[in-house]
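Data first, discussion second: the structure below is written as structure tokens.
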Amino acid sequence: MPERVLMEGSAAIVEAAVQAGCRFYAGYPITPSTEILELMSVRMPQVGGTCMNAESEIEAIGMVWGAAGCGVRSMIASTGQGISLMQESFAELANAQIPIVAVNMCRGQGDYFQATRGGGHGDYRFIVLAPSTAQEAADLTQLAFHLADKWRNPVMIMGDFLLSHTSEMVSFAAPALAELPPKEWAVTGAKGRRGITLSPLGPSEKLSTDVAAALANVTAKHSAIVSEEVRVEHGFLEDAELVVVAFGFPGRFVKYAVRLARERGLRVGYVRPISLWPFPRHAVASAAATARAVAVFELNAGQMIEDVQLSVLGRVPVVAIGGISHDHSGFGVGPLLNVEHILKRIGQVYSGKEDP
Amino acid sequence: MQTRREIYRSIKDVPHEEMLAAGTGLCGGCGGLLALRLFSKAVGEPCIFVNAAGCMTLLATFPFSPFHASWLYTSMASAPAGAQGIRDALDVLIDKGRLSEAENLKVVVVTGDGAANGIGLQSTLAAIHRGLDFYYFCYDNEAFANTGFQMSPASPLGSRTSTSPAGTKTHKQDVFELWRAQRPAFVATVSPAYPLDLMDKVARAGRVKGPKMFVSLAACPPGWGIEPADSVEVAKLAVDSGVWPLKEVRDAKVIHTVVPHEFRRVEEYLQTQTRYRHLFEPQRQETTLAQLQDEVDRYWASASGGCE
Chain A
1 MPERVLMEGS AAIVEAAVQA GCRFYAGYPI TPSTEILELM SVRMPQVGGT
51 CMNAESEIEA IGMVWGAAGC GVRSMIASTG QGISLMQESF AELANAQIPI
101 VAVNMCRGQG DYFQATRGGG HGDYRFIVLA PSTAQEAADL TQLAFHLADK
151 WRNPVMIMGD FLLSHTSEMV SFAAPALAEL PPKEWAVTGA KGRRGITLSP
201 LGPSEKLSTD VAAALANVTA KHSAIVSEEV RVEHGFLEDA ELVVVAFGFP
251 GRFVKYAVRL ARERGLRVGY VRPISLWPFP RHAVASAAAT ARAVAVFELN
301 AGQMIEDVQL SVLGRVPVVA IGGISHDHSG FGVGPLLNVE HILKRIGQVY
351 SGKEDP
Chain B
357 MQTRREIYRS IKDVPHEEML AAGTGLCGGC GGLLALRLFS KAVGEPCIFV
407 NAAGCMTLLA TFPFSPFHAS WLYTSMASAP AGAQGIRDAL DVLIDKGRLS
457 EAENLKVVVV TGDGAANGIG LQSTLAAIHR GLDFYYFCYD NEAFANTGFQ
507 MSPASPLGSR TSTSPAGTKT HKQDVFELWR AQRPAFVATV SPAYPLDLMD
557 KVARAGRVKG PKMFVSLAAC PPGWGIEPAD SVEVAKLAVD SGVWPLKEVR
607 DAKVIHTVVP HEFRRVEEYL QTQTRYRHLF EPQRQETTLA QLQDEVDRYW
657 ASASGGCE
């Protein structure tokens, strides 16, 4: 059994990244992601890697773009505000099929759209993973580097203030992941063969002047990712009349509230999407098939609820039971993240007192 | 030795009226706040402050601001661009006769060294290039202090930050010289330890139209590792050791407005702060210490313009 260590979610992500072979990190300080930058500035030199304290998020993602383009496992972290500045680069490097891992330590959960839809141009997608514990953050970080290389597609880890700053026991077992082919697409300066152009319009495999075909080729993998990379956790669904959907750290609160509801005799179950893209549509749809209603708890004005609605497709009512909730600093989560409150809202929807 | 001041000759000339109210949420002993308080007194009313993310963003505790002035927050890269928009809009209103000259507002950008030297530099140089009529005030605490003191391009060689735990390997970027190359209407360094020098420069700058650029060293008690009560003393030592020269540009020449009669050793300044402690303990890092003194000596040896 591997050693268990007490550490914050940020530290768990950094250690997991180091173990996954990440050797380049660039970032810019911004709460609540700053600890990742600070820890990387210590850890990268220790393992022969490089940590860059960039002059802005725009430069930081540019550095990660360059390092990943050379075939080095590279990571960046920020919060929603800083991720906003990286959108142009995200879109370009995704279409250039450059695998990076981006950590988005949000303030609250208001950046679900930003993470799953993206704010850049063109047809691109990030695989988005939302851990709910420090241990899961470590596991998903290791997986993220694997998925990024496997699909040659960026992967985002979406966390929040609580995930970043809560200390929990974490262990680092080497994950059983399949071997990946060598990165023959990486830029090498025409070593031993023709030069490689790593741009959205220059797939290295085959030279072509057909722009549309090149872009279609890049996006063709999206449907394969949708069918192969869905990750989800659920519980108490067998006879559930009400299904509650929640992601990330607040997903743990919902899980606990659902267990309490069960103790009180309410037939309630939960679905926690771990991959936000691809979204676990089938899991949500099949849970909803036997339920009277679906409730969505998220700490924003209603973002993931759209994915839930697209999964349920009107078969049962979908009710929002979360909302915007911040602490006084605006960085953390506010009073709505409370098991008693969630339980009360579950009870209201369950008893039909709340008109869906 | 100090140059002759024109407007603020004695401390009695400093007005009692405050533009910036007391009781803000900033750290005790914040050198940047003291400099901004003096700066805003010298600028005078009426003003619009344009702010990019940094320590001073915490002045505007939602939904209030301690300024007897307006406050507009922009994205971190764009404060001078925001100032451009404000200035242009005010000019349109004046042209149309909807705002009298007497009601005209001064536009003041407030940013930290992180924005000034990094993400905001493009926008700043462009504003100088366009000759924008505004004040630019940078409080230079030599790191990203608001997020816990990470390295910025203004972090000096050898200084410890939370992302350069063994000491910064790069040299402090010279934002004064970067600005000066663009020939702004007024450009100066200031320090809250020399309030009359600071205020006189700001007041004289008010006579000219165009970009008026100021950078103030801003002692940061939690980041530098000093007692809040020592903030002004440390700032004074920075000037007296020659580390932070007080200067301005007149007729395309750099004039030093305060020149110590006898320079204190740079080491004396460094030893006041825990961010330099690793240079002395457990072993003295003689190479770095000598380099830091040498850089200051060479600067002053080549400094062309002394006091008048």
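Keeping their order, the protein sequence lines are chains A and B.
Using the numbering used here, read the first sequence as starting at 1 and increasing by one per residue.
Using the numbering used here, read the second sequence as starting at 357 and increasing by one per residue.
Every residue, glycine too, gets a C-beta built ideally from N, C-alpha and C.
Locate the beta strand (DSSP E) running through D496(B), then write down its first and last residues. That run of the beta strand (DSSP E) goes 490–496.
Which chain A residues sit within Cβ distance under 8 Å of I450(B)? For I450(B), there are no C-beta contacts with chain A under 8 Å, since the nearest C-beta of that chain is about 35 Å from it.
Could you check where the alpha helix (DSSP H) with D553(B) kicks off and where it finishes? Segment 551–561, the alpha helix (DSSP H) holding D553(B).
Note down, in chain order, every chain A residue with its Cβ under 8 Å from the Cβ of Q506(B). Simply P29, T34, L37, E38, N53.
Own chain partners of T519(B) with C-beta closer than 8 Å, once the 5 adjacent residues on each side are dropped: Around T519(B): Q506, M507.
At 8 Å on the CB atoms, spell out the chain A contacts of G400(B), in chain order. Those within 8 Å of G400(B) in chain A number zero; the least Cβ separation is about 32 Å.
Rounded to whole angstroms, what's the CA-CA distance from P356(A) to Q440(B)? Just pull it up for me. With a pLDDT of 49 at P356(A), under the threshold of 50, the predicted position of this residue should be treated as unreliable, though the coordinate-derived value follows. So the alpha carbons of these two residues sit roughly 49 Å apart.
Take the Cβ of T643(B) as the centre, count every other Cβ of all protein chains shown within 10 Å, and call the residue buried at 16 or more, exposed below. When all chains shown are included, T643(B) counts as exposed.
Between the Cα of S275(A) and those of H328(A), M156(A), Y256(A), I100(A), spot the shortest distance and give me the residue it belongs to. Out of H328(A), M156(A), Y256(A), I100(A), M156(A) has the C-alpha closest to the C-alpha of S275(A).
Quick check on H485(B): does DSSP put it in helix, strand or coil? Looking at H485(B) - three-state DSSP - the assignment turns out to be helix.
For S56(A), which residues in chain B fall below 8 Å Cβ to Cβ? Going along chain B in sequence order, the residues near S56(A) (Cβ under 8 Å) are M432, A433, G474, I475.
Within 10 angstroms of the Cβ of I484(B), are there 16 or more other Cβ atoms? Answer buried if so, exposed if not. Taking a 10 Å sphere around the C-beta of I484(B), we find 16 or more other C-beta atoms and assign the residue as buried.
Cα separation between N104(A) and R560(B)? Using only the alpha carbons, I get a separation of about 47 Å.
Taking L147(A) as the reference, which of D327(A), A240(A), L163(A), V128(A) has the closest Cα? Each of D327(A), A240(A), L163(A), V128(A) was checked against the Cα of L147(A), and the nearest Cα belongs to V128(A).
Within 8 Å (strictly less), CB to CB, does V42(A) reach chain B? Taking Cβ atoms only, chain B reaches closer than 8 Å to V42(A), which makes this a yes.
Given a cut-off of 8 Å, decide if V268(A) and Y350(A) are closer than it, judged by their beta-carbon atoms. The answer is yes: Cβ separation under 8 Å.
Proximal residues, the region 402–432 of chain B versus chain A, C-beta separation under 7 Å: Flagged: no residues at all.
Based on Cα-Cα distance, which residue from F331(A), A301(A), S33(A) lies nearest to T321(A)? The amino acid occupying residue 321(A) in the given sequence is Ile; Thr does not appear at that position. The residue among F331(A), A301(A), S33(A) with its C-alpha nearest the C-alpha of I321(A) is A301(A).
Between the Cα of K344(A) and those of F297(A), D210(A), C51(A), spot the shortest distance and give me the residue it belongs to. Nearest neighbour of K344(A) by Cα position, chosen from F297(A), D210(A), C51(A), turns out to be F297(A).
Would you tell me roughly how many angstroms separate the C-alpha atoms of S74(A) and L552(B), rounded to the nearest one? Approximately 50 Å between the Cα atoms of the pair.
To the nearest angstrom, report how far apart G388(B) and G523(B) are at their CA atoms. The alpha-carbon separation between G388(B) and G523(B) amounts to approximately 23 Å.
Between V464(B) and V406(B), what straight-line distance do the alpha-carbon atoms span, to the nearest angstrom? Approximately 6 Å between the Cα atoms of the pair.
C106(A) and G80(A) - do their beta-carbons sit closer together than 8 Å? Yes, they are a contact pair.
Opposing strand residues paired with S199(A) [DSSP bridges]: Answer is none; S199(A) lacks a bridge partner.
Give a yes or no on whether the minimum CB-CB distance between S721(B) and chain A is below 8 Å. Missing from the structure shown is residue 721(B); chain B here goes from 357 to 664 and no further.
Going by the beta-carbon positions, is the gap between I30(A) and I13(A) smaller than 8 Å? Not a contact, by the Cβ cut-off of 8 Å.
Along chain A, in chain order, which residues have C-beta atoms closer than 9 Å to that of S479(B)? Contacts between S479(B) and chain A, judged by CB atoms closer than 9 Å, are missing: the closest CB pair is about 11 Å apart.
D149(A) - containing alpha helix (DSSP H), residue span: For D149(A), the enclosing alpha helix (DSSP H) begins and ends at 134–151.
Ordered along the chain, which non-local residues of its own chain (more than five positions away) have a Cβ less than 8 Å from that of V72(A)? Closer than 8 Å at Cβ, skipping near neighbours: R23, F24.
With P577(B) and D596(B) assumed to form a contact (beta carbons below 8 Å), what rounded beta-carbon distance in angstroms separates them? That belief does not hold up - the Cβ atoms of P577(B) and D596(B) are roughly 19 Å apart, past 8 Å.
Compare the C-beta of F500(B) against all C-beta atoms of chain A and say whether one is closer than 8 Å. Closer than 8 Å: yes.
Of all the options T380(B), G385(B), G400(B), C403(B), which has the alpha carbon lying nearest to the alpha carbon of T417(B)? By alpha-carbon distance to T417(B), the top candidate from T380(B), G385(B), G400(B), C403(B) is T380(B).
Can you tell me whether G122(A) is buried or exposed, with buried defined as 16 or more other CB within 10 angstroms of its CB? Residue environment for G122(A): exposed (fewer than 16 other C-beta atoms within 10 angstroms of its C-beta).
Is T519(B) helix, strand or coil when you go by DSSP? DSSP places T519(B) in coil when its eight states are reduced to three.
For M63(A), which residues of its own chain have a beta-carbon under 7 Å away from its beta-carbon, when the five flanking residues on both sides are left out? Cβ neighbours of M63(A) beyond the five flanking positions: A26, M52, A54.
What's the gap between the Cα of S227(A) and the Cα of I305(A)? In a straight line, the C-alpha of S227(A) is about 21 Å away from that of I305(A).
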